[in-house]
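Counting in the working numbering, the sequence shown runs from 111 upward without gaps. Idealized CB from N, CA, C, for every residue including glycine.
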Amino acid sequence: MISRRRALASGAGFTAALMAASGNAAAASLTDRRVPYGACVNITPFQDDPEYRVALETYCQQVTPEYGLYWDYLRPTRDQFNFDYGDKVLAFAEANEMLMRGHTLVWYAAMPEWTKQIGSAAEAERELAIHIDRVVSRYRGKIKTWHVVNEPIDDAKDGVAGLRPSVWLAQLGPTYIDMAFRLAHRVDPAAELLLNEYDVECVGEAFAAKRQALLTLVRELLARGVPLHGIGLQGHIHGQYEIDEDGLSRFVAEIKSLGLSVHVTELDVIDKELPAPITVRDIIVAARAHDFLHAIFTAARPAVIATWGITDRYTWMPMWNKRADGLLNRPLPLDEFYRPKPLWSVIDYFCRKTA
Ligand code: XIL
111 MISRRRALAS GAGFTAALMA ASGNAAAASL TDRRVPYGAC VNITPFQDDP EYRVALETYC
171 QQVTPEYGLY WDYLRPTRDQ FNFDYGDKVL AFAEANEMLM RGHTLVWYAA MPEWTKQIGS
231 AAEAERELAI HIDRVVSRYR GKIKTWHVVN EPIDDAKDGV AGLRPSVWLA QLGPTYIDMA
291 FRLAHRVDPA AELLLNEYDV ECVGEAFAAK RQALLTLVRE LLARGVPLHG IGLQGHIHGQ
351 YEIDEDGLSR FVAEIKSLGL SVHVTELDVI DKELPAPITV RDIIVAARAH DFLHAIFTAA
411 RPAVIATWGI TDRYTWMPMW NKRADGLLNR PLPLDEFYRP KPLWSVIDYF CRKTA
């Protein structure tokens, strides 16, 4: 028997009713073809705001702990591993037949103070191995998709983008990326392993340079036999710029031709520079997301469409992109009262798209 939540989330009332009535396999395969929708989970409202959980239960088939698997959260000291956040989100996912995504094993940011003491290649390799072994093995068979290396490409300067500085690049050189993937693969050979990156979708030289650098990196990794299975497009879309549909489609087609999957991992639309009136702003936000998803779907069907948050009530947006007029940011599919916005209609439309 299909639950109300799954029927609602599938968005396919007729098919869900069919399945509920007959358990019909053909009807089931129709709903299975839906691209799953996911959102990151902030632990504070997850614990304090019952409506937040209801929203996740109503809409999501996947969840990602927002910062519970960052190094600074997991390992405030070298020897401590603090899995409480990840474990809570996993328990919720399992109770609701959702998948939890792993974000992230290696990132330049959110590093605890003690990692500044890492002073040699041997020490860096040792810490990376300890970390990946502990974290991936804890969730082996449960987290089926890992954002292994997050944001490896630097923001482009003068049309060129290299690797982003980090303790890993400083101590190990570019090979830290190979190492991370090989370590994760050894610990959970069945897990899907992704590189996750942002700023590849808009019109402009910096975006084209990032796409180029990312493609070059991907080809090199594959040529070295690194177990890389897919690319995560974060999709923190700059609302004031147009989407480079042509450039993005060609990029996704290239990724697909290399045999890799494509995931939308952190979609939201930065509305800092957009007009104030809510109806206008919401339409522009939805239109940008439409163009972004349309360009991707032209080349490949993504494995997931996940947003970075679910409601405008709780979003990381004001951290870097507060509006000058003091109005609340509106980057996400539900408004601050959990009402679906035009952005949700766009996401739902693409999730149901079969080809
Ligand atoms: C953000 C989180 O939402 C914040 O809570 C945190 O303080 C900073 O990072 N790209 C990523 C995410 O991969 O992990 C970032 O999340 C947003 C940008």
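{"Item": "Let me know the alpha helix (DSSP H) ranges lying completely inside the stretch 131-197, each 4 residues or longer, listed in chain order.", "Value": "135-142, 153-158, 160-169, 181-184"}
{"Item": "Just to check my reading of the structure: D356 and F317 have Cβ atoms closer than 8 Å, yes? What is that Cβ distance to the nearest angstrom?", "Value": "Wrong, their Cβ atoms sit about 12 Å apart, outside the cutoff."}
{"Item": "Could you have a look at E446 and say whether DSSP puts it in helix, strand or coil?", "Value": "coil"}
{"Item": "Within 7 Å: the Cβ of N439 and any heavy atom of the ligand XIL?", "Value": "no"}
{"Item": "Return the Cβ separation of L325 and A396 in integer angstroms, given the expectation that the two are a contact with Cβ distance under 8 Å.", "Value": "Not a contact, Cβ separation roughly 29 Å."}
{"Item": "Which residue spans inside the stretch 376-457 form an unbroken beta strand (DSSP E) run of at least 3?", "Value": "415-417"}
{"Item": "Would you kindly work out how many angstroms separate the C-alpha atoms of D197 and W256, rounded to a whole number?", "Value": "15 Å"}
{"Item": "For Q172, is the beta carbon positioned less than 7 Å from some heavy atom of the ligand XIL?", "Value": "no"}
{"Item": "Of all the alpha helix (DSSP H) runs that stay within the bounds of the stretch 220-281, which reach a length of 4 or more residues?", "Value": "231-248"}
{"Item": "On a Cα-Cα basis, can you pick out the residue from P146, V151, D159, Y195 that is closest to F171?", "Value": "Residue identity check: residue 171 is Gln in the sequence provided, not Phe. If we check each option's Cα against that of Q171, P146 comes out closest."}
{"Item": "Put M89 into one of helix, strand or coil per three-state DSSP.", "Value": "A query on residue 89 cannot be resolved here, the shown segment of the chain reaching from 111 to 465 and no further."}
{"Item": "What is the DSSP secondary structure of L303, reduced to helix, strand or coil?", "Value": "strand"}
{"Item": "Taking 8 Å as the threshold (beta carbon to beta carbon), is T408 in contact with chain B?", "Value": "Among the chains of the structure shown, chain B does not appear; only one protein chain is present."}
{"Item": "Grouping DSSP H, G and I as helix and E and B as strand, with all else coil, what is L343?", "Value": "strand"}
{"Item": "H241: which of G229, Q227, V258 sits nearest, CA to CA?", "Value": "V258"}
{"Item": "In whole angstroms, what is the alpha-carbon distance linking I388 and D298?", "Value": "46 Å"}
{"Item": "Find the nearest neighbour of L444 within the set F361, I365, R433, T417, judged by alpha-carbon distance.", "Value": "T417"}
{"Item": "How many Å lie between V151 and Q322 at the Cα?", "Value": "31 Å"}
{"Item": "Does any heavy atom of the ligand XIL sit closer than 7 Å to the C-beta of L404?", "Value": "According to the sequence displayed, residue 404 carries His and not Leu. Answer for H404: no, Cβ out of range of the ligand XIL."}
{"Item": "Skipping 5 residues on each side, what residues in its chain have a beta carbon closer than 7 Å to that of I287?", "Value": "V259, P262, L331"}
{"Item": "Where R244 and E302 are concerned, what is the direct C-alpha to C-alpha distance, given to the nearest angstrom?", "Value": "17 Å"}
{"Item": "Smallest Cα separation from L358: which of I406, A232, L368?", "Value": "I406"}
{"Item": "Could you pull the DSSP bridge partners for S371 from this structure?", "Value": "G340"}
{"Item": "I'd like the list of long-range same chain contacts for A234, defined as Cβ closer than 7 Å, with 5 residues on each side in sequence excluded.", "Value": "I228, V277, W278, Q281, L282"}
{"Item": "Can the beta-carbon of A413 be found less than 8 Å from the beta-carbon of V372?", "Value": "yes"}
{"Item": "When the distance is taken between beta carbons, is E311 closer than 8 Å to I347?", "Value": "yes"}
{"Item": "State the Cα-Cα distance for the pair I457 and I394, rounded to the nearest angstrom.", "Value": "14 Å"}
{"Item": "I need the straight-line Cα distance from P275 to D264, nearest angstrom please.", "Value": "7 Å"}
{"Item": "V310 lies in the beta strand (DSSP E); which residues open and close that run?", "Value": "Careful: V310 lies outside any beta strand (DSSP E) and carries neither H nor E."}
{"Item": "Should K226 be labelled buried (16 or more other beta-carbon atoms within 10 Å of its own) or exposed?", "Value": "exposed"}
{"Item": "Just to confirm, does E261 get its C-beta within under 7 Å of one of the non-hydrogen atoms of the ligand XIL?", "Value": "yes"}
{"Item": "Of the choices Y308, N306, F291, whose alpha-carbon is the least far from that of A300?", "Value": "F291"}
{"Item": "Consult DSSP for G357 and reduce its assignment to one of helix, strand or coil.", "Value": "helix"}
{"Item": "If you draw a straight line from the C-alpha of A239 to the C-alpha of R440, how long is it?", "Value": "40 Å"}
{"Item": "Taking 8 Å as the cut-off, decide whether the C-beta atoms of T375 and N306 are in contact.", "Value": "yes"}
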